[in-house]
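Structure record follows, encoded as structure tokens.
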Amino acid sequence: MNLRKTQIINAARDLFIDKGFTNTSMTDIITAAQISKGTFYNHFTSKSECLIAILEESRAEATLLRNELAIGSKLADEDILARQIGVFMRINKERNLVRIFESIYHSDDKEIQKVVNLHHLTELDWLSNRLVEVHGEEVKPYSYEAAVLTFGMIHHVIRIIVGSGETQFEPERIIRRSLANIKAILPNMLRTKEVSISVEMLDSIRNNIDLSPLTQAALISEFELFIAINSVKNNPEGFEYAVFILAELQKETPKYHIIQSILPGFRQTFEKTPVSGVSKELAMHLWHYIKTAL
């Protein structure tokens with residue numbers, strides 16, 4: 002993601018929150034971003050593509066923060082899982098993305114529907130894998146269904162609370178209660194060995210999710226381009242992080258655990274800078290690559 006693209010995304014996000022997706026025009030975005038029409042079309046073909054980029058950005062940040070929470074912790078720690086689930090909800094609240102989701106809820110845009118559905122499936126796949134890490138390999142055949150039940154409990158309980166007019170509540174408490182309920186349900190699933198979502202269904206679902214990471218060579222190329230940006234060169238601490246990561250990636254046997262430990266610092270150093278979005282995207286790709294490499 003380059004700086005001009007980030008500028009357009011930020012302007013579009015503010016407009017979608019303020020006016021709603023449907024009531025925001027391409028001209029509104031171009032004017033707010035202070036760019037020409039040609040510049041807009043160099044990066045996006047429509048406002049729908051802007052929206053998709055916003056959704057991707059929030060998912061990338063959630064992935065980063067979840068990975069950072071796990072540093073130095075045991076994968077089976079239920080407290081860490083509860084906090085990880087809460088990350089995406091917190092990002093949505095902080096960025097007021099709920100307003101955007103409300104404005105596209107009845108959208109008939111096929112591409113938007115496809116992306117929203119893909120995000121939903123990716124979230125379920127992530128939680129499914131985390132439930133296995135917390136409760137053991139024996140729950141794997143039932144973990145996807147358990148993930149569906151977990152998110153279902155969380156979202157419906159919150160919807161009921163909000164619908165009642167209550168504004169002061171702790172989402173993480175609801176998350177912990179839902180995880181406790183799933184922990185009580187799993188033994189029964191193991192005993193009956195009955196599931197609604199078959200292995201064949203799971204294979205079909207996962208075939209629609211792109212889980213392939215960038216190659217090491219591609220990551221090296223991305224970091225080389227990132228380091229060449231003036232905004233990076235003018236940030237000594239961030240520049241040092243980026244150069245160190247690049248040098249480590251170029252080794253025959255990179256020290257992935259060291260890279261993992263400094264990735265939070267790398268991301269935070271570029272927070273609120275012109276290359277914030279670019280650095281988050283890079284960090285997410287790197288986390289994904291390391292997870293498959295270890």
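The opening residue of the sequence shown carries number 2 in the working numbering; numbering runs sequentially from there.
No residue lacks a Cβ here, since even glycine has one placed at the ideal position from N, Cα and C.
Only a predicted model underlies this, so the values are computations on that prediction, with no experimental measurement involved.
- Of the candidates K75, E146, T270, L56, L56 places its Cα closest to the Cα of I18.
- By the criterion of at least three beta-carbon pairs nearer than 8 Å, the stretch 220-229 is not in contact with the stretch 190-200.
- Taking a cut-off of 8 Å for Cβ pairs, the stretch 26-40 and the stretch 76-93 do not touch, as fewer than three such pairs fall below it.
- In the DSSP assignment, N182 falls within the alpha helix (DSSP H) that extends over 172-193.
- A Cβ-Cβ distance of about 4 Å is found for the pair M285 and A61, placing them in contact under the 8 Å criterion.
- Taking a C-beta distance under 8 Å as the contact criterion, I155 and S129 do not qualify as a contact pair.
- For the pair H44 and I206, the Cα-to-Cα distance works out to about 30 Å.
- The shortest C-alpha to C-alpha distance from K141 to any of A181, R100, L203 is the one to L203.
- Annotation for V276: no alpha helix (DSSP H) segment contains it, and DSSP assigns it neither H nor E.
- When T25, V233, F170, H136 are compared, the shortest CA-CA separation from I186 is found for H136.
- For the 8 Å CB-CB criterion, S108 and G21 do not form a contact.
- One thing to note: I53 has its Cβ within 8 Å of the Cβ of V116.
- Under the DSSP assignment, P237 falls in the alpha helix (DSSP H) whose first and last residues are 237-250.
- With contacts defined by Cβ atoms closer than 8 Å, L220 and Y145 do not form a contacting pair.
- Taking 8 Å as the cut-off, the beta carbon of P275 is found no closer than this to the beta carbon of L98.
- In this structure, the beta-carbon distance from W288 to T64 falls below 8 Å.
- Taking a C-beta distance under 8 Å as the contact criterion, E249 and L191 do not qualify as a contact pair.
- The beta carbon of R268 sits closer than 7 Å to those of L65, S280, K281, A284, all from its chain and outside the five residues before and after it, given in chain order.
- Contact annotation: T193 and E238 have beta-carbon atoms that are not nearer than 8 Å.
- Boundaries of the alpha helix (DSSP H) harbouring P265: 257-270, taken from the DSSP string.
- With contacts defined as CB atoms closer than 8 Å, I9 and F41 qualify as a contacting pair.
- DSSP, reduced to helix, strand and coil, places N93 within a helical segment of the structure shown.
- The Cβ neighbour count for I259, taken over all protein chains shown within 10 Å, is under 16; the residue is labelled exposed.
- DSSP places E253 in the coil class of the three-state scheme, outside both helix and strand.
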